[in-house]
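A short worksheet on the structure shown next.
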Amino acid sequence: MKKADYHIHSDFSPDSTLTMDQACERAISLGLEELCFTDHFEIAEDIRIDYTKYRQAVFRARERYGKQLSLKIGLEVGFDKNSQHQIQEYLEDKDFDFVIGSLHRAEGLDLFNGEFFRGKELKVAFSDYFKVIHESIPSFDFSVLGHITLIKRFFLLLKVNPSDIDWSYYDEGIQAILQDLIARGKGIELNLRNPLLDLDFRVLRFYKELGGEIITLGTDSHHTTSMHAMEEGFQALREVGFRYYCVFDHLKPLFVSI
Ligand SMILES: [Zn+2]
Ligand SMILES: [Zn+2]
């Protein structure tokens with residue numbers, strides 16, 4: 687079975703020092719057959735990729751590693767209500783293989799430093815988080831929604847005990863997002879960043895039940911040590927009843943049996 691990691695940040699992302707060469711060498715040693723670089727594009731933080739340089743770098747890596755590893759050009763674009771036209775315009779004349787749409791900021795506030803959650807009751811903050819994702823879906827053309835359960839990464843920051851959370855409270859919000867994605871021909875990613883918080887059977891089952899088929903796997907790596915062979919992800923998909931996962935080529939999903 688072909689294994690492909692569809693969420694890798696090279697040093698084109700300001701928060702990563704991973705060179706494309708290092709990522710390729712690590713991927714080959716892990717037995718992966720394909721990598722898709724998905725560097726950050728975040729208008730609100732003025733993080734924009736120089737497309738020409740990015741593409742040249744991937745082409746150079748292809749020259750070096752192309753015999754052992756297929757390399758794709760992707761992007762992780764942060765949803766941003768105020769810049770959706772700018773984002774769409776940027777994407778329009780580029781030739782990306784794959785685009786992840788991810789929520790990193792909401793209502794103009796940063797999720798990662800806790801700003802978004804401050805002063806809100808947790809249930810309200812989490813419901814708002816899913817609501818903002820839902821509202822963001824039509825904002826530009828992306829291939830899959832990134833890390834739908836990102837809020838789990840903030841438990842420590844928010845001093846939340848994970849076992850106190852009643853996830854069923856958010857079921858409707860999550861299902862509405864998945865339904866909308868499916869209707870628009872967009873997929874989800876199973877984000878396999880350690881400690882595998884996004885490996886959420888509840889979400890995977892909903893997606894399967896609702897008829898979702900497009901799902902990519904990615905480690906969201908920013909350094910070589912966090913890259914892995916993603917076996918837990920493939921296993922989870924099989925358990926839920928998926929028979930395929932996806933890779934992309936020029937924004938078209940291709941199904942790979944698992
Ligand atoms: Zn992200
Ligand atoms: Zn990422």
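Heads up, the sequence shown is in this note's numbering, so the first residue is 687 and it goes up one at a time. Where is the CB? At the ideal position from N, CA and C, for every residue including glycine. Predicted model, so just to flag it, every value in this text is computed and none were measured.
- Burial is judged here by how many other beta carbons sit within 10 angstroms of a residue's own beta carbon; F934 has at least 16 and is buried.
- Only buried fits N877, as 16 or more other CB atoms lie within 10 angstroms of its CB.
- About 5 Å separates the Cβ atoms of H909 and L704, confirming a contact at the 8 Å cut-off.
- For the set C722, K739, E711, the Cα lying nearest the Cα of L903 is the one of C722.
- In this chain, the alpha helix (DSSP H) harbouring A743 covers 737–751.
- Segment contact: the segment 860–875 against the segment 831–838, three or more CB-CB distances shorter than 8 Å; contact assigned.
- Rounded to the nearest whole angstrom, the C-alpha separation of K838 and D884 is 8 Å.
- Per DSSP, reduced to three states, the secondary structure at K817 is helical.
- One Cα belongs to V889, the other to L755, and the distance between them is close to 31 Å.
- Considering only D701, D697, C710, the residue with the shortest C-alpha distance to H914 is C710.
- Counting only runs that start and end inside the segment 791–846, the alpha helix (DSSP H) elements of at least 4 residues fall at 808–822.
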